[in-house]
Amino acid sequence: MVIMFRVKYILAVAVVASLIGCDATKKASCGSAASNKSCCSSAKKHACGPKDTAAAVTAETYGMVVSFYSPGNGIDHKTNEAFVEFVKEKYPQINLQGHRWGREGEVDYCINLNELSTDEQSTFIKEAKELLSASKKVHIYENSTCKHKK
């Protein structure tokens, strides 16, 4: 019984030590920008290298991001349809593309407002917020990146 406990303890210590040693080795080899890409490509969330700085630099900022989300019982389909119709009818110059990201109909609309004048942008945002305020299953972001765009 005591021997079995010691074997388990030694194995646990060995595993932890190898993980710490491996992480330290990878950190040391990730010093340059050239090695950073290859070093961190094997794991999504690796301890070495700058975190999300490349994504932040290259990510496109949108004038408005509308995210229909589900707390476990689906999105608000009526508001989603009303929003899509609102944009198509009143602002046909906006290229509205949905980016689906969930299992219950979740969708993000990343809207580039460059096609509109400054006054039109303000009016669009005001009207869209007014329309979307009826739903509790919508997040509205201004001057934001599109989180779920592929």
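Its first residue numbered 622, the sequence shown is counted upward by one per residue in this note's numbering. Each residue gets a CB set at the ideal place from its N, CA and C atoms; glycine is no exception.
Simplified DSSP state of residue i, which is helix, strand or coil
| i | result |
| --- | --- |
| residue 765 | strand |
| residue 732 | strand |
| residue 738 | coil |
| residue 743 | helix |
One or two residues paired with residue i in a DSSP bridge
| i | result |
| --- | --- |
| residue 683 | 765 |
| residue 689 | 728 and 759 |
| residue 719 | 730 |
Rounded Cβ spacing between residue i and residue j (contact assumed at less than 8 Å)
| i | j | result |
| --- | --- | --- |
| residue 730 | residue 723 | Rounded, the Cβ-Cβ distance is 14 Å, inconsistent with contact. |
| residue 707 | residue 752 | 6 Å |
| residue 732 | residue 762 | Rounded, the Cβ-Cβ distance is 10 Å, inconsistent with contact. |
| residue 766 | residue 681 | 7 Å |
beta-carbon residue i near the ligand ADP non-hydrogen atom, thresh 8 Å
| i | result |
| --- | --- |
| residue 723 | Ligands in the displayed structure: none, and consequently the ligand ADP is not present. |
Cβ-based neighbour list, residue i, same chain, cut-off 8 Å, excluding 5 preceding and 5 following
| i | result |
| --- | --- |
| residue 700 | 689, 752, 753, 755, 756, 758 and 759 |
| residue 750 | 761 |
| residue 771 | 720 |
Sequence-distant residues of its chain with Cβ nearer than 7 Å to residue i (five each side left out)
| i | result |
| --- | --- |
| residue 691 | 723, 725, 726, 727 and 758 |
| residue 705 | 717 |
Close Cβ partners of residue i (< 6 Å) along its chain, the five nearest in sequence each way excluded
| i | result |
| --- | --- |
| residue 697 | 756 and 758 |
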